[in-house]
Structures are given as structure tokens and as C-alpha cells.
Amino acid sequence: MTTDKFQLLLERYLNGRLSNRELARFLAALDQIEHQEQVLKYLEAELQETTVAPDEEFAEKSYEALVQLINNRMQDPGSSIALSPKKWRIDSQFFRYAAIVLGIVMVSVIGYWLINKQRDVQTPYVERKVPQQLDSLRQTYMILEDGTVLILDSSALKSKHLQDIGATVDLKNRRLLFQTGGQRPGSSQGINTLVTPRGCQYSVLLPDSSSVWLNALSQLQFPAQFGDRDRRVTLSGEGFFEVNKSAGRSFQVAAGTVTIRVLGTQFNVQAYNSEPTLRTTIIHGKVQVSNDRENYAISAGTTLVISGTHWKASRTPDASQVIAWKQQLFDFRKAELHTIMPELSRWYDISYELPPNIHKTFTGKISRTADIATVLEILKASGIRYRQEGKKIVFL
1 MTTDKFQLLL ERYLNGRLSN RELARFLAAL DQIEHQEQVL KYLEAELQET
51 TVAPDEEFAE KSYEALVQLI NNRMQDPGSS IALSPKKWRI DSQFFRYAAI
101 VLGIVMVSVI GYWLINKQRD VQTPYVERKV PQQLDSLRQT YMILEDGTVL
151 ILDSSALKSK HLQDIGATVD LKNRRLLFQT GGQRPGSSQG INTLVTPRGC
201 QYSVLLPDSS SVWLNALSQL QFPAQFGDRD RRVTLSGEGF FEVNKSAGRS
251 FQVAAGTVTI RVLGTQFNVQ AYNSEPTLRT TIIHGKVQVS NDRENYAISA
301 GTTLVISGTH WKASRTPDAS QVIAWKQQLF DFRKAELHTI MPELSRWYDI
351 SYELPPNIHK TFTGKISRTA DIATVLEILK ASGIRYRQEG KKIVFL
């Protein structure tokens with residue numbers, strides 16, 4: 001295969017546009033040393049545009065995961081694709097560069113094959129199961145209604161997919177902007193999913209001029225154009241909503257087992273699937289929170305905590321603490337480690353172990369730009385003891 005043809009396949013691969021036959025040709029071509037070198041040059045170019053430190057261990061694991069994923073999940077019954085890491089003549093230099101951008105390659109195949117494969121059985125406003133490998137990207141991405149995966153970096157600036165749905169990307173402010181002020185001709189109400197992986201935050205200006213800020217490890221599902229009767233989105237994780245008033249159209253947020261209805265207001269919702277509670281804090285205005293059993297109307301300065309069938313509304317002592325994450329801060333106030341560590345683990349690539357009888361607390365504000373070593377030193381200075389086993393933090 002000529003280098004020009006391989007380059008064309010590589011570009012289509014990264015954009016998730018390869019057919020069965022093209023994917024087989026592309027993977028077969030990667031057995032040739034000249035094409036491996038061609039990919040290496042691409043990786044070198046990408047490396048010049050990033051400040052992420054190389055990580056050989058991550059790259060090797062990512063490569064092996066990609067091989068396994070292709071072998072186990074993405075083979076067409078009529079294809080004979082079967083890769084083995086031993087067949088690749090790739091040295092450590094390749095892995096150093098692959099640590100930076102291999103995730104992009106993984107997204108292309110995963111997005112095109114796995115998500116498209118599930119598209120016919122998905123229903124609106126049901127959380128999409130995003131492959132775990134995408135979390136390693138550390139870049140926000142969007143899954144379009146047709147299953148296309150778009151990484152919201154500089155490559156998205158000229159994306160025809162975004163243009164088709166009336167959206168642009170503001171890289172400086174980490175913001176996705178949809179065209180507002182009216183119905184786009186031929187626009188679709190199919191569901192798009194904005195995903196923030198670990199350690200990332202992002203915001204979106206929706207078609208009705210409402211804004212949503214997403215915290216780490218969160219997903220927001222929404223249409224490229226709202227209907228005439230209501231405006232409905234689905235949240236998994238944490239988000240801050242600034243809802244624009246629209247006469248006769250309520251704004252509805254589905255989160256966990258409840259629905260939050262508003263007309264125009266500002267509120268924060270924390271609804272991580274890994275957490276036993278759902279929290280809604282109203283900053284301005286009023287909202288109605290309901291499910292098939294309960295119906296609560298809450299106003300500004302109130303926090304509603306839902307744990308199973310137990311609902312409790314109380315005054316919010318300081319709303320700035322609730323939304324400190326929007327200012328790139330951790331804000332802990334006499335917080336126990338059982339509260340602190342889930343938040344840290346959503347931001348940093350760590351796991352942790354807590355003894356059942358530990359009741360240490362911490363009060364203070366920490367910048368989210370600090371690395372995990374700095375955060376742990378701050379906790380240690382407050383009398384919290386731990387030992388570190390690789391990426392696992394064991395508290396004593």
C-alpha cells in the first residue's frame with residue numbers, strides 16, 4: 001500500500017469513518033514497518049502540540065487493550081482480522097509517543113463500531129455506556145446521535161459533524177456552543193452526549209441559550225434542537241445549570257430516578273451513579289423535583305438530599321461551597337475522608353482504601369490545578385496519615 005493511501009485510511013480511521021473492508025486493510029497495513037514509521041511521525045507531530053508527560057506503561061497497556069478490543073468486540077463475522085502484539089515491530093519510542101495519542105485511535109474504532117452497533121437498541125434519555133478505555137483520554141468528547149465520537153480539541157474546530165448540528169467549540173474557555181435564537185432548517189432532535197472524563201470540566205451553551213457546566217466524570221444528554229413543548233436533558237454526574245426562560249416551555253433535567261422541572265433559574269445537581277445520594281442545590285429561582293412517589297418544590301438557598309426513599313430539604317449554609325468546583329477549587333469544611341476521597345478520585349487517577357472506623361476531618365480550599373502529591377501533603381499536614389501503594393492511597 002502506498003503511503004498516500006495509508007495516510008488516507010489513517011485519517012478516516014481517526015474520524016471513525018472506516019468501513020469493514022477499509023478497517024481490515026488498515027490493520028493489515030500496520031504490520032509493515034514503513035507504515036508503523038508513518039504513524040510514528042504522526043504521533044511525533046501530535047506530541048509537539050501537547051504538554052502531557054509520556055507514560056510508557058500506560059501506552060503499552062492501552063495498546064494491548066486496543067488489540068483485545070478489536071479481537072473480541074469488533075470483528076465482523078466475515079473478517080479474518082486477528083491481531084497479536086508480538087506481530088508489531090514497535091519499539092519503546094513508539095510507545096512513548098503513543099502514550100499521548102493512542103486514546104484518539106481507540107476512540108475512533110470504539111466510537112464507530114461499538115456505539116453504532118448499539119445504536120438501534122438505545123432509547124432517548126437512557127445513559128449511554130461509554131467504554132472504559134475512553135476515560136484514559138483526559139479530553140472531553142461528544143457522542144453524536146449517529147454514534148460518531150468527536151474529541152473536543154483543535155481538530156473539532158473544522159468538524160463538519162459539529163457544523164451540521166449548528167455547534168462550534170471555544171477551546172480557550174472549554175465550551176461547546178450551539179446556535180441559538182430559532183429552529184435550524186432540517187435540524188434533528190436526536191440525542192447527543194457530552195462526556196467529561198476524570199480530571200476534566202466543560203460547559204455547553206444549549207440551543208435555547210441555557211448553559212450547563214459539567215464536573216469531572218459526568219455526562220449530559222441533550223438534542224441539537226429542543227421541541228416546541230419542552231426542553232429535556234439527562235444528567236449523570238454533577239452539573240450546574242443556568243436555565244434561560246422560555247415562555248410555555250419548561251426545562252427538565254432527568255437525574256437518577258427523579259426529574260427536576262424549572263422555567264428559569266440557577267441550580268446545581270450532583271447525581272453520580274457511584275454515590276448513594278442525589279443532591280440538588282438552588283442558587284436562584286425555584287424548581288420542582290419529583291418521581292413517581294414524591295413531589296417537592298424548593299427555592300433559592302435550599303438543598304434537597306435524596307437517599308433511596310428518604311428526601312430531606314434544608315437550608316444551604318453557603319452556596320459558594322457547593323459550586324466551588326466551577327472555580328477550579330476543592331472546598332472542604334469539616335469534611336470526613338468518606339466525603340473527600342470520592343471527590344478526589346473523580347479528579348485524579350487514584351483509588352483509595354478507608355478503614356471503617358476512621359473519622360478524620362479536613363477543612364480547607366485546594367486548587368484543582370494542584371497535583372495529587374501536593375493534595376496528599378496538605379492532608380498529611382492536617383494530621384491525616386496514609387501510605388501510598390502506586391496509585392492506591394491506603395489511609396491509616
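The sequence shown begins at 1 in UniProt numbering and counts up by one.
Where is the CB? At the ideal position from N, CA and C, for every residue including glycine.
Values in this document were obtained by computation on a predicted structure and should not be read as measured data.
Host beta strand (DSSP E) of residue i (start-end)
i, result
"residue 310", "310–315"
"residue 190", "Element bounds for residue 190: n/a, residue is neither H nor E."
"residue 394", "392–395"
"residue 366", "361–367"
"residue 299", "295–299"
"residue 175", "175–178"
"residue 159", "No beta strand (DSSP E) contains residue 159, which DSSP labels as neither H nor E."
"residue 306", "302–307"
N- and C-terminal bounds of the alpha helix (DSSP H) containing residue i
i, result
"residue 373", "372–381"
"residue 347", "337–347"
Expected contact under 8 Å - CB spacing of residue i and residue j to nearest Å
i, j, result
"residue 231", "residue 246", "7 Å"
"residue 353", "residue 392", "7 Å"
"residue 356", "residue 395", "That belief does not hold up - the Cβ atoms of residue 356 and residue 395 are roughly 11 Å apart, past 8 Å."
"residue 238", "residue 269", "7 Å"
"residue 281", "residue 267", "6 Å"
"residue 440", "residue 140", "In the structure as shown, the chain starts at 1 and stops at 396, and residue 440 therefore has no counterpart that could be examined."
"residue 180", "residue 142", "Not really, about 18 Å apart at Cβ, beyond 8 Å."
"residue 204", "residue 176", "4 Å"
"residue 361", "residue 336", "5 Å"
"residue 288", "residue 297", "5 Å"
"residue 199", "residue 347", "5 Å"
"residue 10", "residue 42", "7 Å"
Helix, strand or coil at residue i [DSSP, three-state]
i, result
"residue 142", "strand"
"residue 12", "helix"
"residue 154", "helix"
"residue 7", "helix"
"residue 167", "strand"
"residue 321", "helix"
"residue 34", "helix"
"residue 249", "coil"
"residue 26", "helix"
"residue 388", "strand"
"residue 326", "helix"
"residue 334", "strand"
Residue i Cβ short of 7 Å to the ligand NAP heavy atom set
i, result
"residue 395", "Of the ligands one can find in the structure shown there are none, so the ligand NAP has no counterpart to examine."
Worksheet item: Is the region 231–240 touching the region 206–223, taking contact as three or more C-beta pairs under 8 Å?
Response: By the Cβ criterion, the region 231–240 is in contact with the region 206–223, since at least three pairs of Cβ atoms, one from each stretch, lie closer than 8 Å.
Fill in: beta strand (DSSP E) runs contained entirely in the UniProt domain "FecR protein" (193–288), provided each spans 3 or more residues
The UniProt domain "FecR protein" (193–288) contains, as complete beta strand (DSSP E) runs of 3+ residues, the segments 202–205, 211–214, 218–223, 230–242, 250–255, 258–262, 266–271 and 277–284 (chain order).
Worksheet item: Can at least three beta-carbon pairs, one atom from the region 330–338 and one from the region 358–376, be found at a separation below 8 Å?
Response: Because the criterion of three Cβ pairs below 8 Å is met, the region 330–338 and the region 358–376 touch.
Discussion item. Across the region 148–167 and the region 297–306, are there enough close Cβ pairs to call them in contact, namely three or more that are closer than 8 Å?
Written reply: Verdict: no, contact absent.
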